[in-house]
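Undergrad:
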Amino acid sequence: MNTWIVGRVPVAHLITKPVFKEDSSLQRRGEKVFFLKGRIMAGQADLSKNTQGLTDFKWVTKDGLKEILPEEYYHGVRNMMADR
Amino acid sequence: MCPQCARSTQSPIYRFYSSGAAGAAIQPLTTGTTAPPTDLSAPKNTSTTQHAKSLYRIKSGIILTRAPLLTRDPTPFEAAYFLYQKRLDERLVAPFRKAFYFRLDTPAELDWRLKSRERHGIAARDVGRYNPRGRVAWNDEVLVGSPVSDPAVVVERLAKDAEMRISEDGEEVPEEDRVKVERPRPRRTEADEAGDEKRLDRELDRTLYLVVKRGEKDPWEFPSADVLTHENLHEVSVPC
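Top to bottom, those sequences are chains X and Z.
Each residue of the first sequence is one higher than the one before, counting from 0 in this note's numbering.
Each residue of the second sequence is one higher than the one before, counting from 196 in this note's numbering.
1. Does THR384(Z) get closer than 8 Å to chain X when you measure Cβ to Cβ?
2. What are the complete alpha helix (DSSP H) segments, minimum 4 residues, inside the stretch 330-392 of chain Z?
3. Which one of GLU273(Z), SER311(Z), PRO381(Z), THR384(Z) has the shortest CA to CA distance from ALA357(Z)?
4. Quick one: what does DSSP say TYR325(Z) is sitting in, helix, strand or coil?
5. Quick check on the DSSP output: the alpha helix (DSSP H) that includes GLY316(Z) runs from which residue to which?
6. Kindly indicate which residue of TRP333(Z), ARG298(Z), ARG282(Z) has the alpha-carbon position closest to the one of ARG320(Z).
7. Give the single residue among ARG360(Z), ILE253(Z), GLN280(Z), PRO434(Z) whose Cα lies nearest to the Cα of GLU193(Z).
8. Considering only the alpha carbon of each residue, which of LYS31(X), ALA41(X), THR50(X) lies closest to TYR251(Z)?
9. Could you name the residues of the stretch 25-42 of chain X whose beta carbon sits closer than 8 Å to any beta carbon of chain Z, in the order they occur along the chain?
10. If you measure from the beta carbon of ALA274(Z) to each beta carbon in chain X, is any gap under 8 Å?
11. Ignore the nearest five residues each way along the sequence and tell me which others in VAL406(Z)'s own chain have a CB closer than 7 Å to its CB.
12. Assign GLU416(Z) to one of three DSSP states: helix, strand, or coil.
13. Just the C-alpha distance for LEU265(Z) and SER432(Z), rounded to the nearest angstrom, thanks.
14. Ordered along the chain, which non-local residues of its own chain (more than five positions away) have a Cβ less than 7 Å from that of SER419(Z)?
15. Would you call the stretch 0-13 of chain X and the stretch 28-44 of chain X touching, i.e. three or more CB-CB distances under 8 Å?
16. Measuring alpha carbon to alpha carbon, tell me which residue in ALA11(X), PHE19(X), THR15(X) is nearest ARG96(X).
17. Closer than 8 Å, CB to CB, is LYS393(Z) near chain X or not?
18. From the DSSP output, read off the bridge partner residues of TYR404(Z).
19. Let me check understanding here. Comparing Cα to Cα, which of ASP62(X), THR60(X), ASP45(X), LYS61(X) lies closest to THR54(X)?
20. Find out if the Cβ-Cβ distance for the pair ARG7(X), LEU428(Z) is shorter than 8 Å.
21. Three Cβ pairs or more, each shorter than 8 Å: is that satisfied between the stretch 62-79 of chain X and the stretch 288-303 of chain Z?
22. Could you tell me the distance, in whole angstroms, from the CA atom of LYS412(Z) to the CA atom of ASP284(Z)?
23. Can you find at least 3 beta carbon pairs, one from the stretch 268-281 of chain Z and one from the stretch 332-340 of chain Z, that sit closer than 8 Å?
24. Give every residue of the same chain whose Cβ lies closer than 8 Å to the Cβ of GLU21(X), excluding the five residues on either side of it in the sequence, and list them in chain order.
25. Check the C-beta distance from TRP58(X) over to LEU403(Z) and give it rounded, since I have them as a contact under 8 Å.
26. Considering only their Cβ atoms, is the gap separating PHE19(X) from LEU13(X) smaller than 8 Å?
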């Protein structure tokens, strides 16, 4: 896959709060995800060699993202997308 | 502590004046030997300050996009506006001089005459029935609901008009024997029709975004991976 990263500055970020147990010890760490913008120039996504256990991919439009992404996830990234 | 910070604080040789004489005195004494440390590059991880474990994990993701390949369809208003501009142009340009372009009684001239008659004498092929030089020249706007300005109709009309209808020996070619002009490829592709969301040649006038999924029940998300302490965001190898 031939890609090009548009810049080194994140275009969107997403923060998941950590989860604490009742005795205020950490149950699950939070996540801060910073998204960079990339463009695909040629080729196709290939998940056959990935180490994260990803099983499926697809290419969707902004409208499609609104339907399939969790609401707060979409809310975090929608402003980096063009109208079309 | 990250390796970079460790390196900058642990180096015993390079010291600022401001770091004081105490450090200078202690350094050779504690080691008990005058030989300088042999391995300067490897940071000695003897730091005693341990930070509390961070509550957050930093990840870097990528929003991979495929830019639109086509411009979008014009809205009905835009299409009507373009037709209006074409008609305005038709009204303002000098009249088309047939004799300048076609020699009399050649197949090309016969062909032009035939088509011009069908267009009611209008030179432009895609403005519909509009007479730019007459009593009704003012009436140049398309009516609501008229298909004249529809891009598909315009393309079809131009393609049909481009067919040669007079043979070499000056006789009219019947409809079925005419050489068809190739139509433009459709804006919707096979992938659109099949609804195959893995292919990139779909939704040609929209931006596409790559989303990935772990298991059946996990939600869709953009590909992302953990950022190591010595990496920058763009150096993370994101699987996709």
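No residue lacks a Cβ here, since even glycine has one placed at the ideal position from N, Cα and C.
TA: Taking the geometry as given:
1. Here the question's residue 384(Z) lines up with position 189 in the second sequence. No, THR384(Z) lies away from the interface with chain X (no Cβ there is under 8 Å from its Cβ).
2. List check, alpha helix (DSSP H) in window: 346-356, 385-389.
3. As a working mapping, residue 357(Z) is identified with position 162 in the second sequence. Selected option, being the one with the closest Cα: SER311(Z).
4. Counted from its first residue, the second sequence places residue 325(Z) at position 130. Looking at TYR325(Z) - three-state DSSP - the assignment turns out to be coil, as it is neither helix nor strand.
5. The sequence position of residue 316(Z) within the second sequence is 121, counting from 1. Here GLY316(Z) belongs to no alpha helix (DSSP H), and DSSP marks it neither H nor E.
6. The residue you call residue 320(Z) lines up with position 125 of the second sequence. Measuring from the Cα of ARG320(Z), the nearest candidate turns out to be ARG282(Z).
7. With chain Z running from 196 to 435 in the structure shown, residue 193(Z) is simply not present.
8. Counted from its first residue, the second sequence places residue 251(Z) at position 56. When only C-alpha atoms are compared, the closest one is LYS31(X).
9. Residues of the stretch 25-42 of chain X with a Cβ closer than 8 Å to any Cβ of chain Z, in chain order: LEU25, ARG28, GLY29, GLU30, LYS31, VAL32, PHE33, PHE34, LEU35, LYS36, GLY37, ARG38, ILE39.
10. Within the second sequence, the letter at position 79 stands for residue 274(Z). It does not: the Cβ of ALA274(Z) has no partner Cβ on chain X nearer than 8 Å.
11. Looking up residue 406(Z) in the second sequence gives position 211. Result list for VAL406(Z): TRP415, GLU416, PHE417, in chain order.
12. Numbered from 1 along the second sequence, position 221 holds the residue referred to as residue 416(Z). In the structure shown, the three-state DSSP call for GLU416(Z) is strand.
13. Here residue 265(Z) is taken as the residue at index 70 of the second sequence, counted from 1. Here residue 432(Z) is taken as the residue at index 237 of the second sequence, counted from 1. So the two alpha carbons sit approximately 31 Å from each other.
14. Start at 1 with the first residue of the second sequence, and residue 419(Z) comes out as number 224. The beta carbon of SER419(Z) lies closer than 7 Å to those of LYS254, SER255, GLY256, VAL433 in the same chain, with the five residues before and after it left out.
15. Touching, yes, given that three or more Cβ pairs across the two stretches are closer than 8 Å.
16. Residue 96(X) is absent from the model: chain X starts at 0 and stops at 83.
17. Reading the second sequence from its first residue, position 198 is the one you call residue 393(Z). By this cut-off, LYS393(Z) is an interface position.
18. The residue given as residue 404(Z) occupies position 209 in the second sequence. According to DSSP, residue pairing for TYR404(Z) in a beta bridge involves VAL59(X), THR260(Z).
19. For the purposes of this step, residue 54(X) is identified with residue 55 of the first sequence, where counting begins at 1. For THR54(X), the nearest C-alpha among the options comes from ASP45(X).
20. Along the first sequence, one-based indexing puts residue 7(X) at 8. Along the second sequence, one-based indexing puts residue 428(Z) at 233. It is a contact, given that the beta carbons lie within the stated cut-off.
21. With fewer than three CB-CB distances shorter than 8 Å, the stretch 62-79 of chain X does not count as touching the stretch 288-303 of chain Z.
22. Here residue 412(Z) is taken as the residue at index 217 of the second sequence, counted from 1. Here residue 284(Z) is taken as the residue at index 89 of the second sequence, counted from 1. Per the coordinates, the alpha-carbon of LYS412(Z) lies some 60 Å from the alpha-carbon of ASP284(Z).
23. Between the stretch 268-281 of chain Z and the stretch 332-340 of chain Z there are three or more inter-stretch CB-CB distances shorter than 8 Å, so the stretches are counted as touching.
24. The count along the first sequence starts at 1 and reaches residue 21(X) at position 22. Closer than 8 Å at the Cβ level, and outside the excluded window around GLU21(X), lies no residue.
25. As a working mapping, residue 58(X) is identified with position 59 in the first sequence. As a working mapping, residue 403(Z) is identified with position 208 in the second sequence. Contact flag correct, Cβ pair sits at about 4 Å.
26. Numbered from 1 along the first sequence, position 14 holds the residue referred to as residue 13(X). Numbered from 1 along the first sequence, position 20 holds the residue referred to as residue 19(X). 8 Å or more divides the Cβ of LEU13(X) from the Cβ of PHE19(X).
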